[in-house]
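Residue numbers (this note's numbering), protein chains in the order written: chain A, 37 to 375; chain B, 37 to 375.
Number of protein chains: 2
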Amino acid sequence: MPDARLDLVNRSFKLAARPVGLPKRSDWLYDQSPVPSPAEGEVLVKVRYISLDPAMRGWMNEGKSYIRPVAIGEVMRAGGLGEVIASRDANFPVGSQVSGSFGVQAYATARGAELSRVDPSIAPLPVWLNALGMPGMTGYFGLLDVGQPKAGETVVVSAAAGAVGQVVGQVAKIIGCKVVGIAGGPEKCDFVVNELGFDACIDYKRGPIFPGLAKHCPEGVDVFFDNVGGDMLDAILARIRMRARIVICGAISQYNTTTGIQGPKNYLSLLMNRARMEGIVVFDWADRYPEAIAAISGWIADGRYGSREDIVPGLEAFPETLLKLFRGENFGKLIIEVV
Amino acid sequence: MPDARLDLVNRSFKLAARPVGLPKRSDWLYDQSPVPSPAEGEVLVKVRYISLDPAMRGWMNEGKSYIRPVAIGEVMRAGGLGEVIASRDANFPVGSQVSGSFGVQAYATARGAELSRVDPSIAPLPVWLNALGMPGMTGYFGLLDVGQPKAGETVVVSAAAGAVGQVVGQVAKIIGCKVVGIAGGPEKCDFVVNELGFDACIDYKRGPIFPGLAKHCPEGVDVFFDNVGGDMLDAILARIRMRARIVICGAISQYNTTTGIQGPKNYLSLLMNRARMEGIVVFDWADRYPEAIAAISGWIADGRYGSREDIVPGLEAFPETLLKLFRGENFGKLIIEVV
Numbered sequence: 037m038p039d040a041r042l043d044l045v046n047r048s049f050k051l052a053a054r055p056v057g058l059p060k061r062s063d064w065l066y067d068q069s070p071v072p073s074p075a076e077g078e079v080l081v082k083v084r085y086i087s088l089d090p091a092m093r094g095w096m097n098e099g100k101s102y103i104r105p106v107a108i109g110e111v112m113r114a115g116g117l118g119e120v121i122a123s124r125d126a127n128f129p130v131g132s133q134v135s136g137s138f139g140v141q142a143y144a145t146a147r148g149a150e151l152s153r154v155d156p157s158i159a160p161l162p163v164w165l166n167a168l169g170m171p172g173m174t175g176y177f178g179l180l181d182v183g184q185p186k187a188g189e190t191v192v193v194s195a196a197a198g199a200v201g202q203v204v205g206q207v208a209k210i211i212g213c214k215v216v217g218i219a220g221g222p223e224k225c226d227f228v229v230n231e232l233g234f235d236a237c238i239d240y241k242r243g244p245i246f247p248g249l250a251k252h253c254p255e256g257v258d259v260f261f262d263n264v265g266g267d268m269l270d271a272i273l274a275r276i277r278m279r280a281r282i283v284i285c286g287a288i289s290q291y292n293t294t295t296g297i298q299g300p301k302n303y304l305s306l307l308m309n310r311a312r313m314e315g316i317v318v319f320d321w322a323d324r325y326p327e328a329i330a331a332i333s334g335w336i337a338d339g340r341y342g343s344r345e346d347i348v349p350g351l352e353a354f355p356e357t358l359l360k361l362f363r364g365e366n367f368g369k370l371i372i373e374v375v
Numbered sequence: 037m038p039d040a041r042l043d044l045v046n047r048s049f050k051l052a053a054r055p056v057g058l059p060k061r062s063d064w065l066y067d068q069s070p071v072p073s074p075a076e077g078e079v080l081v082k083v084r085y086i087s088l089d090p091a092m093r094g095w096m097n098e099g100k101s102y103i104r105p106v107a108i109g110e111v112m113r114a115g116g117l118g119e120v121i122a123s124r125d126a127n128f129p130v131g132s133q134v135s136g137s138f139g140v141q142a143y144a145t146a147r148g149a150e151l152s153r154v155d156p157s158i159a160p161l162p163v164w165l166n167a168l169g170m171p172g173m174t175g176y177f178g179l180l181d182v183g184q185p186k187a188g189e190t191v192v193v194s195a196a197a198g199a200v201g202q203v204v205g206q207v208a209k210i211i212g213c214k215v216v217g218i219a220g221g222p223e224k225c226d227f228v229v230n231e232l233g234f235d236a237c238i239d240y241k242r243g244p245i246f247p248g249l250a251k252h253c254p255e256g257v258d259v260f261f262d263n264v265g266g267d268m269l270d271a272i273l274a275r276i277r278m279r280a281r282i283v284i285c286g287a288i289s290q291y292n293t294t295t296g297i298q299g300p301k302n303y304l305s306l307l308m309n310r311a312r313m314e315g316i317v318v319f320d321w322a323d324r325y326p327e328a329i330a331a332i333s334g335w336i337a338d339g340r341y342g343s344r345e346d347i348v349p350g351l352e353a354f355p356e357t358l359l360k361l362f363r364g365e366n367f368g369k370l371i372i373e374v375v
């Protein structure tokens, strides 16, 4: 039987240049090439959904980080979901639904050890890139293990309508915290309050967030889960309570700077308040992902947990779609559907 | 019998104005007034030594902090040592050697509950404002409880020849760490290496500290105990190891800024390295001071612990002497001897 794959054409975005500031179209190379055949122990995945994450901007830079940079000429790294269409690993037969680091491309080969199974009967596939994927794991462990909120405490999360923010706020509510989100625009604020059950949301596009913090966190902030950095982090630092915990998950306001990172000038509030600021990288909890997936999928099943994805069709839309993250234009977890 | 105290004249420095930048002479009011009589439950202390600390600069500012600001017209707050010369508290008879928050003055009244006994047979009096006083407590608990160094780890401390730096470095050596100090000038560096036993010291006055960090901390920094802030903190952030702990004790480089605090622009290294930055205020360990005093005085008795004080004679020298701290001109714990 002839191999139908030989007729398939892969499409991918490769890193063409290291961006200065926001990635430009010319920083990407759109490439078409034959679909590779899986080697022994590998599978071939037809990628269906590609996760777009703020962290991708960091991977495009040179230099030491928590993960090696994407090389020039390499397919851009990205998490994704797809279906095994050819298999040389008996654990993942053709038809398996899997997630993995497939890159920004339509087809990917991967070793079985690099794959996770996803179960569409638990939640629709895109949710496996959101609440049941990396953002879910990040929010769950970052909040619970590092933020260590206690029932009754006030938790604030920035980028509240984003992938990680949704998780942090909902998990914090479930364990009995007061939750205040920070998001851009009335629609996102309505969503996190009315659909996700946050206690309040501050619209940073309306002006400085400090009055909102004073109003909604009258006793101060016990846990801040920061995805944004910049002025927002400083405003929170000015309002933390004694022994507050600030979880540094990201700093999307700073990733495209061309003038240098803005350090938190109010960091001495950590001293005044005996507070802590700690960074997290989700991979550290890899052996406990099943615990978080079990918890969150249980809440989804109970109807206690909602999620929202912002799904953009078309691999070719990748360069422009990625920018939505840095402009705060995505509404929920940003995903490309490969069509 | 006539009360000889009626003949005594108190001398004090009161806060005349809130300084902008470095405190000027005109920010102080030198005052002479009759020595007060102790009320029931109080003692009158003839102050002999006054502790000069970087934190004093913060107490001169308005606004919320970990302790209320010194009011305009109030005697400047300062720790001190002295002798009880009149007593209406049977627990502290005349002749008792005591420490307390006596202020920048020659005589002070205080309640017994506000006093600690000092024992000159354990260590000379000035050491009770240094290794056995607040700096000792700060360094001991800040390092051990918050920095949590393990034997074999690399500990870096800024202002290494200062009061807190001496403690941090020596305690870290005693528990088996590699210790690198940062200090200004070859004399201070020689002192911490050759007299206090640090493994190395980087002279920040010779230029950027980064080459010294690379040389002396080839595997990176596990614990940084920061008394300085500014560029020094950023240089360390660029060189921390995974799960490093940064203890924020002070930021003397920033206390007199008139252009705004310099936030650590490399703070995202906390994320990359899953590291922690945490502030401390020594008062939180007040009920455990005896533990630290027992440990440090034991090491002093064993000859394993050295301390150095920079004692300046004359209460009247206070305004100019305080500035030595901010210019890095003190060599060891800065103390005024009231003569």
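Glycine included, every Cβ here is placed at the ideal spot set by N, Cα and C. Predicted model, so just to flag it, every value in this text is computed and none were measured.
Inset, instruction - Check whether the Cβ atoms of Val259(A) and Pro185(A) sit closer than 9 angstroms, and answer yes or no. - result: Judged by beta-carbon spacing, Pro185(A) lies within the 9 angstroms limit of Val259(A), meaning their Cβ atoms are closer than that value.
Legend entry - Gly183(A) in three-state terms, based on DSSP: Gly183(A) falls in the helix class under three-state DSSP.
Inset, instruction - Indicate the three-state DSSP secondary structure (helix, strand or coil) for Val203(B) in the structure shown. - result: Val203(B) sits in a helix when the DSSP states are folded into three classes.
Inset, instruction - Please name the residue in Gly339(B), His252(B), Glu78(B) whose C-alpha comes closest to that of Arg147(B). - result: Among Gly339(B), His252(B), Glu78(B), the Cα nearest to that of Arg147(B) belongs to Glu78(B).
Inset, instruction - Please report how far the alpha carbon of Val56(A) lies from the alpha carbon of Ala52(B), in whole angstroms. - result: So the alpha carbons of these two residues sit roughly 51 angstroms apart.
Legend entry - Cβ-based contacts, 7 angstroms cut-off: residues of the stretch 95-125 of chain B near chain A: Cβ contacts with chain A: Ser101, Tyr102.
Legend entry - Opposing strand residues paired with Tyr85(B) [DSSP bridges]: Answer by DSSP bridge pairing, in chain order: Leu117(B), Glu373(B).
Legend entry - Sequence-distant residues of the same chain with beta carbon closer than 8 angstroms to Met268(A), five excluded per side: Excluding sequence neighbours, Met268(A) sits near Ser194, Ile218, Tyr240, Ile245, Asp262, Ser289.
Legend entry - Within chain B, the residues that Glu150(A) reaches when beta carbons sit closer than 8 angstroms: When 8 angstroms is used as the limit between beta carbons, Glu150(A) is near no residue of chain B, the shortest such separation being about 22 angstroms.
Legend entry - Burial state of Pro254(A) (16 or more Cβ within 10 Å): Result: exposed.
Legend entry - Check whether Asn166(A) and Ile371(A) have beta carbons under 9 angstroms apart: The Cβ atoms of Asn166(A) and Ile371(A) lie closer than 9 angstroms to each other.
Inset, instruction - Would you identify the three-state DSSP class for Ala271(A), choosing helix, strand or coil? - result: Per DSSP, reduced to three states, the secondary structure at Ala271(A) is helical.
Inset, instruction - Quick one: grab the DSSP three-state call for Pro160(A). - result: In this structure, Pro160(A) counts as coil in the three-state DSSP scheme.
Inset, instruction - Evaluate the contact criterion for the stretch 352-370 of chain A versus the stretch 286-305 of chain A: three or more CB pairs, one atom per stretch, below 8 angstroms. - result: Touching, yes, given that three or more Cβ pairs across the two stretches are closer than 8 angstroms.
Inset, instruction - Kindly say whether Cys225(B), judged by its beta-carbon, lies nearer than 9 angstroms to any beta-carbon of chain A. - result: For Cys225(B), no CB of chain A lies under 9 angstroms from its own CB, so it is not counted at the interface with that chain.
Legend entry - Check whether Gly178(B) and Val191(B) have beta carbons under 9 angstroms apart: Their beta carbons are not under 9 angstroms apart, which means Gly178(B) does not touch Val191(B) by this criterion.
Legend entry - Contact set between the stretch 301-333 of chain B and chain A, restricted to residues whose Cβ is under 9 angstroms from the partner: Going along the stretch 301-333 of chain B in chain order, one finds Lys301, Asn302, Tyr303, Leu304, Ser305, Leu306, Leu307, Met308, Asn309, Arg310, Ala311, Arg312, Met313, Glu314, Gly315, Ile316, Val317, Asp320 with a Cβ nearer than 9 angstroms to chain A.
Legend entry - Nearest neighbour of Met112(A), chosen from Ser157(A), Asn127(A), Ala144(A) [CA to CA]: Relative to the Cα of Met112(A), the nearest Cα in the group Ser157(A), Asn127(A), Ala144(A) belongs to Ala144(A).
Inset, instruction - Sort Ile86(A), Asp89(A), Pro74(A) by Cα distance to Pro129(A) and report the nearest one. - result: For Pro129(A), the nearest C-alpha among the options comes from Pro74(A).
Inset, instruction - Would you check if the distance between the CB atom of Ile272(B) and the CB atom of Asn309(B) is smaller than 9 angstroms? - result: No, they are not a contact pair.
Legend entry - Nearest-angstrom Cβ-Cβ length linking Val83(B) and Gln133(B), presumed shorter than 8 angstroms: The beta-carbon separation of Val83(B) and Gln133(B), rounded to 12 angstroms, does not stay under the 8 angstroms limit for a contact.
Legend entry - Local conformation of Gly175(A) per DSSP, three classes: In this structure, Gly175(A) counts as helix in the three-state DSSP scheme.
Legend entry - Rounded C-alpha distance that separates Val154(B) from Leu168(B): Answer to the nearest angstrom: the Cα atoms are 9 angstroms apart.
Legend entry - Alpha-carbon spacing of Arg54(A) relative to Lys100(A), whole angstroms: Computed Cα separation, rounded: 15 angstroms.
Legend entry - Check whether Met313(B) and Arg61(A) have beta carbons under 9 angstroms apart: Contact flag unset, no.
Legend entry - Test: Gly296(A) CB closer than 9 angstroms to a CB of chain B: Yes - at least one Cβ of chain B is within 9 angstroms of the one on Gly296(A).
Inset, instruction - Would you kindly check if the distance between the Cβ of Ile282(B) and the Cβ of Leu306(B) is under 9 angstroms? - result: The Cβ-Cβ distance between Leu306(B) and Ile282(B) falls below 9 angstroms.
Legend entry - Contact set between Ile284(A) and chain B, taken where Cβ atoms lie within less than 8 angstroms: Ordered by position in chain B, the residues that pass the 8 angstroms Cβ test against Ile284(A) are Tyr303, Leu304, Leu306, Leu307.
Legend entry - Beta-carbon proximity list for Leu161(B), same chain, < 8 angstroms, skipping 5 on both sides: Closer than 8 angstroms at the Cβ level, and outside the excluded window around Leu161(B), lie Arg84, Tyr85, Leu117, Gln133, Val154.
Inset, instruction - For the alpha helix (DSSP H) holding Thr357(A), just list the boundary residues, first then last. - result: Judged by DSSP secondary structure, Thr357(A) falls within the alpha helix (DSSP H) whose first and last residues are 354-362.
Legend entry - Cβ pair Asn366(B), Leu88(B) closer than 9 angstroms: A contact, by the Cβ cut-off of 9 angstroms.
Legend entry - Closest residue to Val375(A) among Leu358(A), Lys369(A), Phe354(A), Gly368(A) (Cα-Cα distance): Residue nearest to Val375(A) within the set Leu358(A), Lys369(A), Phe354(A), Gly368(A) is Phe354(A) (criterion: CA-CA distance).
Legend entry - Interface partners of Ala287(B) on chain A, CB under 7 angstroms: Ordered by position in chain A, the residues that pass the 7 angstroms Cβ test against Ala287(B) are Leu304.
Inset, instruction - Go through its chain and collect everything with a Cβ distance to Met37(B)'s Cβ below 7 angstroms, but skip five positions before and after it. - result: Confidence at Met37(B) is low in this model, with a pLDDT of 40, below 50, so the placement of that residue is unreliable and no value is reported for it.
Inset, instruction - Would you kindly check if the distance between the Cβ of Val228(A) and the Cβ of Ala208(A) is under 9 angstroms? - result: No, the pair does not count as a contact, with Cβ atoms beyond the cut-off.
Legend entry - Host alpha helix (DSSP H) of Tyr325(A) (start-end): That run of the alpha helix (DSSP H) goes 325-338.
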